[in-house]
Amino acid sequence: MKATIERAVLLKSLGHVQSVVERRNTIPILSNVLIEAVEGGGIKLMATDLDLQIVETVEAQVEQAGATTVSAHTLFDIVRKLPEGSQVSLEAAEGKMAVNAGRARFNLSTLPRDDFPVIAEGDLPTVFEIPAATLREIVDKTRFAISTEETRYYLNGIFFHVTDDDQPVLKAAATDGHRLARFTLPRPDGAEGMPDVIIPRKCIAELRKMLDELDGTVEIALSDSKVRFGLGTAVMTSKLIDGTFPDYNRVIPTGNDKLLKIDPRSFEEGVDRVATIATEKTRAVKMALDTDKITLSVTSPENGTASEEVAGQYGSDGFEIGFNARYLLDILGQVQGDAIEVHLADAAAPTLIRENDKASALYVLMPMRV
Amino acid sequence: MPIRRLPEHLVNRIAAGEVVERPASALKELVENAVDAGATRITVRLSSGGIDRVEVIDDGCGMSAEEMALALERHATSKLPDDDIEGVETLGFRGEALPSIASVSRLTLESRVRGAEGWSRIVDNGDLEEEGPAALPPGTRVLVENLFAKVPARRKFLRTPRSEYAAAADTIRRLAMARSDIGFTLEHDGRRNIAVQPGETRPERVAALTDRQLIENSVAVDYDRGTAKLEGVASLPTFNRGVADHQYLFVNGRPVKDRLLIGAVRGAYQDLLARDRHPVLALFLTVPAGEVDVNVHPAKTEVRFREPANIRGLIVGGLRHALDEAGFRSVQRPSAAALGNWQAEPVEGGVGQSSTAYPQGYSSEHPQPHQQGHPQGFQQRAAFFTPPPGSDQASVWDGAPEYQPAPEGKAEAAEAPVPDAATHPLGIARGQVSETYIVAEAEDGLVIVDQHAAHERLVLERMNRAVAEGGVASQGLLVPEVVDLDESACDALEERIGELAELGLELERFGPKAMLVRATPAMLGAGDTKGLVRDLADEIAAYDQHLSLKEKLDHVAATMACHGSVRAGRVLAVAEMNALLREMEVTPHSGQCNHGRPTWVKLGHGDIEKLFGRK
C-alpha cells in the first residue's frame, strides 16, 4: 500500500474514527485503525469497538492499493503534530507502515488487516432520511437524560419509535429514572413500520460529533438489531441495545392542574444562582409557588442560605416543591423560547415541562423531597 | 416392633450427644459447675487437646458422698433451689452434664466439703467402677479420660488435638472473662498457657485474655437503659483487628455467641472503621432474668431476648456513647516497632562510628519508617542497632504501667511550655514535617498529627452533623422500581419502612413477594437500587440492622470529605495548624481517620527521655 494525503484531511477523518477506539483494549487490534487504499478511490479509514464502527472515505493519491492496521491513537497524535499543510505519505510493507511528512519519518508496527473485525450489517429493511439539523436537535434535547447506570442497561440510550397519534410521528425518548425527555417529529418517509430501537449512548455521542460538521441530510437504515447512519463521506454502524424500553407514556402526567408560565432564562439564571450555595452532591432547590411569583431557595447547613424571587404567571394554590438543580438546568438549557409551561400537581408527583402544547420537546421531572 | 422405654445408659448417651460434642463442650460444663460451686481458683489441665484427658480442679463448696452419687444421675442438680426455671441465675441448671459426660468417658469425681472427709467415685462409660475415700483439699476434682473411647462415631469426628485445644482455650477464655473475681489456670500437655489471678478488674482481665495493649487503647462502657445495663471494654477504633473473633458478649455473666452482637458492633463502629476491620471488645449485659431465655439450647451458647431490638439499641447506644466520650483519643503511642528504630541510636551514637563500617545489606533488612530528614549514616547505624524483628519489644514499650509518661517536675524543666499548652491536650503547633505532619508540643509530650487524615475526619464529622440536622434529601423515581424478594425479606423491610424513609429510601410493599422503590437518597445518584434493597433485606435478616444504606451514604460523605480536606503536601501556617489542633480537641471521633487509622500520636516525655538514655 502506498498513498499520499493532505494532513488536514487525514487529521479530520482520523479525529472522527479514533474517538470510537477505546483507550484500553484487551484485544490489541481494537486499538488500531484500518487503512485501506483503493486504486483511484482515495483511502478508507475504519475503527471499531465491536459495538460501534465508523468508516470514512477521504481523497488521496493512491499509488498502490492495499490495506493495513496501525494504532489509531498513535497515528492521530503523529498527524496532529505534523506541520500544517504538509503532505503525508503512508507506505505499508513487511509488517510496518512508514509515515513520512516533510523531514519527519515514522515507522509504525502493524497488525494484519484480515484480523480486523467488521460488524456485519445484515439486512437493514427500514431506510429513511432526516435533515442533519433535525437530528442534531433530537439528540441535544434528549441525550442529557440518558442513564449511565449499567444495571438498567435498557436506559443507556435514546429510544426511537413510530406511532400514529393524530398523525404519524417519530418519537425519541430518554430517561434515567429521575427525568424523562421526549422529542416528537413528523414521521419521515420510509420510517413506517420501523421497529422500536434503543440507540446506545456511545453511538449517540459519536453521532453528535459528526453532525456538527454536516449539512444536508442523514440517511438512517435500521433493523431491530443494527442501525447505520450515512453521514456524507462517513458511515457509522452500531449495534442496538437489546432490551425493552419501559412504557414511558405512563409517567407523562396528564392531570397536572397547576400551571406555571415562566421565562426560562430568568428561571434558569435564578436556579443557577441559588444552587451555588447547595452542597455538591444533592443540589436540592426548593421552589415556593405563590400567585404570580415563585421563590427559589437553597439551604445548606454548611454554607448558609440563598433565595431569589422570579416572576411568573401562576394562579393556583401556593405550595412548595423541591428539585435537583442540575436536572432543572439540564432541561432549561435546552429550551429556546421566551416562555415555558411547568405543569405541577403536588410536591411528590411528576412535573411536566414544555414550551407549549405544540412544542416538539417535552420533559418530565420527578421532584425531590427536601 | 413394640414401643419400649430406652434404658438409662442409652438415654444418657443420647443426651451426651447434645451436651458433649467435643472436649471443649465437656470442659465448659465442668468449669461452669466449678464456677457455680463458688470456687475462687479453677485449674484446668488438658492433654492432647482434651481428647485424652480433661482435669478440672476447683476450691468450691464440694459435695458429700451421697450428693456425688446423686450428681451422676440425670436431671439431678443443686442449682434450681425453688424450681424457678424462668429465673435462672446460675450458669447450669439442667442437671444433665455430669451423667452425660460420665456415660461417654471414664470419669473420676473426687470431692471434699470443707471440714468433712473426701470421697472419690470412678465411673467408666456409665458404669460405676469403684468408690471410696479420697485425700484432697476442699473442693472438687473432676477427671475425664478417654472421651468417646466407646463411641467411635463421635471419636472419628474429633479434630486434631491442636484445634480441639484451641476450642477448649476459647471456652476457658470466655468463662475467665465473665468472672474476673475467679482465678483461672489452663495447662496443656504440661505447659501453662493461661494464668489469671483472682480479683483482677474487668479491663485488666479482658486485656490479659486478648491483648495486653488493650488497656491503654480502650474505653470503658457503662450504660444503663431501664432495667438493662451494659458494661464492658471496647477498643478504640484505631485499635482494630482483621477478624471479628475478639468480640465477646456475656449475658448475665454467661458467655454467649449471638449474631445480634455482630450487627450491633458494626452499627456502633460505622464510619469509624473500614468495613474489613473489627474492634476488640467484651461486653457484659445484665438484664432481668425474665427478659432473657437461656434454655434454648443444651449448650446454652445461644440465648433469646424478649425484645432483641431494645438490646441491640442498648449495645449500639452504649458503645457509641463510650466512643463519643473518648473524643479525639486514638492509639496514643507510636507503635513499638516504629519506636524501636529510634531507640537504639543514642545509646551508641556520637562515638564517631563511620557509617561505612557496616555493610549496606543491614539497612535493607529492616523497615525504616523514619528515613526522611536523617543523614545517610544515621539511617544505617540505626538499622544496625535495631533489635531483630523477633525480639519482644512490646514488653519493653507497652506492657508495664511504670512507663506511663508521668506528670512530674522533670518534664516541666526540660523546656517551659507556653502557658497555653496546659489547657490544650494536643498542644501548641511548633512546625510541619515534610509538609504532611504537624509537630506540636503538649504539656506531657510531643504530638505528631497527620494533617490530611485529621482534617478529613473533621470535615466528615461536620458533614454528618449537617445531615443529622437537615435530614437526607430523596429523589423520587419516575418509574418506581420493583424489587423481587422473599416474602420474609419483604416483611422485614416493611417493618423498617419508617426508618429507611428517614434515610431517603422510600419503599412500599408491592404484593407478597416484592417491594416497590419510590424514591432513593439523592446523594447516591442513580445507583443500583435493586442491589441496595437486596443487601438491606439480607442484613436485616442476618443482623437485624440496615447497615448498607448508612454505609453507602457515609461512603459518599467520606469521599467528599476526602476531596474537601487539606491534602498532604500543603504548607500550613502555624495559625492554621493550631486551629486544626483546637478543632480536633472538640470534635468527637477525631482520633482516627475514616478507616480507623490514628490521626495523631503522642510521644510522652518519658518516651523521649528513654530515647536519649536518660531513664
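Listed in order, the protein sequences are those of chains A and B.
Here the first sequence is numbered in the UniProt record's numbering, starting from 1 and rising by one per residue.
Here the second sequence is numbered in the UniProt record's numbering, starting from 1 and rising by one per residue.
Every residue gets a Cβ at the ideal spot worked out from N, C-alpha and C, and that includes glycine.
- A/PRO28 is outside the set of residues whose beta carbon lies under 8 Å from a beta carbon in chain B.
- Chain-order list of chain A residues neighbouring B/GLY527: GLU149, by C-beta distance under 8 Å.
- Interface annotation for the region 469-491 of chain B against chain A: GLU469, GLY470, ALA473, SER474, GLN475, GLY476, LEU477, LEU478, VAL479 and GLU481, criterion Cβ-Cβ distance under 8 Å.
- Distance between A/LEU211 and B/LYS513, taken at the CA atoms: about 48 Å.
- Identification of chain A residues near B/LYS530 by a Cβ-Cβ cut-off of 8 Å yields THR151, ordered along the chain.
- Fully contained in the region 74-159 of chain B are the following beta strand (DSSP E) runs of length 3 or more, in chain order: 106-112, 118-124, 127-134 and 139-145.
- Closer than 8 Å to the CB of A/MET287 there is not a single CB belonging to chain B.
- Of all residues in the region 153-185 of chain A, only THR175, ASP176, GLY177, HIS178, ARG179 and LEU180 place a beta-carbon less than 8 Å from a beta-carbon of chain B.
- Taking a cut-off of 8 Å for Cβ pairs, the region 208-225 of chain B and the region 236-256 of chain B touch, as three or more such pairs fall below it.
- Interface with chain A (8 Å Cβ-Cβ cutoff): B/ARG241 is excluded.
- In the three-state DSSP reduction, A/SER13 falls in the helix class (H, G or I).
- At a cut-off of 8 Å, the C-beta of B/ARG462 has a neighbouring C-beta in chain A.
- Cβ proximity to chain B below 9 Å picks out nothing from the region 207-228 of chain A.
- Beyond the five residues adjoining it in sequence on each side, A/PHE160 comes within less than 6 Å, by CB distance, of ALA172 and VAL197 in the same chain, given in chain order.
- Among the residues facing chain A, B/ALA97 is not included, as its CB has no counterpart in that chain under 8 Å away.
- Using a Cβ-Cβ cut-off of 7 Å, B/ALA519 is close to ARG369 of chain A, given in chain order.
- Under the three-state reduction of DSSP output, B/GLU55 falls in the strand class.
- Around the beta carbon of A/THR351, 16 or more other beta carbons lie within 10 angstroms, which makes this residue buried.
- In the DSSP assignment, A/VAL218 is bridged to A/ILE130.
- Distance from the CA of B/ASP36 to the CA of B/LEU30, rounded to the nearest whole angstrom, comes to 10 Å.
- Interface criterion met: the Cβ of B/ALA466 is under 8 Å from a Cβ in chain A.
- At a cut-off of 3 residues, the continuous stretches assigned as beta strand (DSSP E) that sit fully inside the UniProt domain "DNA mismatch repair protein S5" (206-324) of chain B are 218-225, 228-235, 247-251, 254-256 and 281-286.
- For A/THR351, the enclosing beta strand (DSSP E) begins and ends at 351-354.
- Per DSSP, the unbroken beta strand (DSSP E) holding B/VAL433 starts and ends at 428-433.
- Here A/LYS358 is exposed, its C-beta having fewer than 16 other C-beta atoms within 10 Å.
- In its chain, beyond the 5 residues on either side, LYS44, VAL62 and ALA65 have a beta carbon closer than 8 Å to the beta carbon of A/VAL38.
- One alpha carbon belongs to B/VAL482, the other to B/ASN578, and they sit about 53 Å apart.
- Look at the region 240-262 of chain A: the residues with a C-beta under 7 Å from a C-beta of chain B are PRO246 and VAL251.
- Residue-level contact check: A/ALA361 does not touch chain B, since none of the beta carbons of chain B fall below 8 Å from its beta carbon.
- At a cut-off of 8 Å between beta-carbon atoms, B/ALA522 makes contact with chain A.
- Residue contact check for A/ALA325 against chain B: no CB pair falls below 8 Å.
- The C-beta separation of B/LEU581 from B/LEU426 comes to about 4 Å, placing the pair in contact by the 8 Å criterion.
- With fewer than 16 other Cβ atoms inside 10 Å of its own Cβ, A/PRO28 counts as exposed.
- DSSP places A/LEU211 in the helix class (H, G or I) of the three-state scheme.
- In the three-state reduction of the DSSP assignment, B/ASP484 falls in the strand class.
- Taking 8 Å as the cut-off between beta carbons, the residues of the region 294-315 of chain A near chain B are THR299, SER300, PRO301 and GLU302, in sequence order.
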